[in-house]
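Asks: Using the numbering used here, you'd call the opening residue of the sequence shown number 75 and step up by one each time. Backbone N, C-alpha and C define an ideal beta-carbon position, used for all residues, glycine too. I'd like to ask some things about the structure below.
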Amino acid sequence: MLMANRNGTAFLMSTAEDDGSWPWRVISRSVKFQPYFESGFPHGHDQWISAAATGWAATALMRGL
Numbered sequence: 075m076l077m078a079n080r081n082g083t084a085f086l087m088s089t090a091e092d093d094g095s096w097p098w099r100v101i102s103r104s105v106k107f108q109p110y111f112e113s114g115f116p117h118g119h120d121q122w123i124s125a126a127a128t129g130w131a132a133t134a135l136m137r138g139l
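In structure tokens form, the structure reads like this:
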């Protein structure tokens, strides 16, 4: 594995929260036209875009296997 891949994997693994998400809140820039509802993912109104970012991080980790 390349050094950058090892460093990225180590960073993602060391910063993951206990619930599997990452502490970085991705701010949604979309127009708020749909009613908000809570899904249980962290970060309140920005939880949907933050969940997608968590999916990308998990995908990057899986590619390293």
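Using only alpha-carbon positions, find the residue among 86, 124, 101, 105 that is nearest to residue 113.
Replies: Walking along the sequence shown from the start, residue 113 turns up at place 39. Nearest option by C-alpha distance: 124.
Asks: Helix, strand or coil: how does DSSP classify residue 123 here?
Replies: Looking up residue 123 in the sequence shown gives position 49. Residue 123 falls in the helix class under three-state DSSP.
Asks: By how many angstroms is the C-alpha of residue 97 removed from the C-alpha of residue 103?
Replies: Here residue 103 refers to the residue found at position 29 of the sequence shown. Here residue 97 refers to the residue found at position 23 of the sequence shown. Their backbone Cα atoms lie some 19 Å apart in a straight line.
Asks: If we call anything under 9 Å between Cβ atoms a contact, is residue 94 one with residue 128?
Replies: Within the sequence shown, numbered from 1, the residue matching residue 94 stands at position 20. Within the sequence shown, numbered from 1, the residue matching residue 128 stands at position 54. Contact flag set, yes.
Asks: Grab me the residues of residue 87's own chain with a C-beta within less than 8 Å of its C-beta, minus the 5 sequence neighbours each way, in chain order.
Replies: Sequence index remark: in the sequence shown, residue 87 carries index 13 (1-based). Answer for residue 87: 135, listed in chain order.
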